[in-house]
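Shown next, in structure tokens, is the structure this report addresses.
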Amino acid sequence: MQTTTSADGTTIAYDLAGSGSPIVFVSGAFNDRHTLAPVAGELASTHTVVCYDRRGRGGSGDVGPYAVEREIEDLHAVLEVVGGTAAVFGFSSGANLGLLAAARGVPVTSLIMYEVPFVFDDADRRPADLPARLSSLVAAGKRAEAVTTFQLEGIGLPPEMVAGIRQAPFFPALEAIAHTVVYDAMVTGPPYDRPTPEMRAVDVPILVLTGTETWPVLRKAAETLPGLLSDARYETVPGGENHTISPADTAVAVRDFLDRVPSRSAGRRREP
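Mind the numbering: the sequence shown is residues 5 to 276 in the working numbering, read in order.
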């Protein structure tokens, strides 16, 4: 593990491996830098790969108060580790964050968005007050309730699945990072639960991925998104049950995409 420092002084922990053009991996809710390491490992023979702990998780610090802008600064700080520009692979809420970072001028050269949780039906939108309610639960010490509330309302898991997870041996690990569900609720909640005008203005090559067995709402988001962006395509990789990743198959899709991407200026935007 190595560390770098974000703009507000927060320590950000990361692992770096491989050689070649860099890819920075941004994980989703309940994840740490180890989550995407299997995908990164598959790509390390041809790329420098960096997996980092988003703030509040793993080896990273957590200087408050939280704002989505702080996570954008964190990603920018990690890009500086590999020379200032890189491709970004974002998983779930990490995909929202990657697109938003590119929109805010972080020098992303290309973007891979795996199972981005955008919603395009108003009935599916996440409650605008979800971050505030989650924050109140965490402040009251009700970390388990914060986890399950986010799973139900932020992810949309069925109640029986949430009940099963609560009895699972790994549930205490989820409770330990319950404070970060507030962050993910902000990254994936209104207005960022669908592409904003600044996100639509991003003009870098984008690959939108899902597993073939993913949830219908994620498939619909992935199928819809490329039509709203200037340079995006949608592909599937085998598997993806319950919002999971097949490392080898995903790495093949990522490598093929990056091999096709022409050299261009990072972070270029078109007018919305």
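Ideal placement from N, C-alpha and C gives every residue a C-beta, glycine not left out.
A buried status is given to Gly215, since no fewer than 16 other beta-carbon atoms sit within 10 Å of its beta-carbon. The distance from the Cβ of Pro163 to that of Gly87 is about 47 Å, inconsistent with a contact at the 8 Å cut-off. The Cβ neighbour count for Gly145, taken over all protein chains shown within 10 Å, is under 16; the residue is labelled exposed. Note on geometry: alpha-carbon atoms of Thr8 and Ala81 lie some 7 Å from one another.
By the neighbour-count definition (other C-beta atoms within 10 Å, threshold 16), Gln6 is an exposed residue. Per DSSP, the unbroken beta strand (DSSP E) holding Pro26 starts and ends at 25 to 30.
Burial of Asp197 is indicated by the presence of at least 16 other C-beta atoms within 10 angstroms of its C-beta.
Per DSSP, Ile76 is one residue of the alpha helix (DSSP H) stretching across 72 to 85. By alpha-carbon distance to Gly160, the top candidate from Gly193, Thr50, Arg108, Ser114 is Gly193. Rounded to whole angstroms, the separation of the alpha carbons of Ala143 and Ala150 is 10 Å. In the DSSP secondary-structure assignment, Ile210 is bridged to Leu115, Ala236. For Val53, the enclosing beta strand (DSSP E) begins and ends at 51 to 56.
Non-local C-beta neighbours of Gly22 in its own chain, meaning closer than 6 Å and more than five positions away in sequence, comprise Ala48, His51, Thr52, Val53, ordered along the chain.
Taking C-beta atoms as the reference points, His183 and Gly13 fail to come closer than 8 Å.
Exclusion of the five residues before and after Pro230 leaves Val212, Ala236, Arg237, Tyr238 as the residues of its chain whose Cβ lies within less than 7 Å of its Cβ.
Non-local beta-carbon contacts of Leu233 in its own chain, meaning distances under 7 Å to residues more than five positions away in sequence, involve Arg204, Val206, Ile210 in chain order. Runs of the alpha helix (DSSP H) lying entirely within the region 165 to 201, each at least 4 residues long, are 175 to 180, 184 to 192 in chain order.
The DSSP-derived three-state label of Thr153 is helix.
Looking at the DSSP output, Val92 bridges to Val28, Leu115.
The secondary-structure analysis by DSSP pairs Asp66 with nothing; it has no beta-bridge partner.
Between the region 58 to 76 and the region 115 to 134 there are fewer than three C-beta pairs closer than 8 Å, too few to call the two in contact. When C-alpha distances from Ala91 are compared across Asp78, Arg74, Met117, His247, the shortest belongs to Met117.
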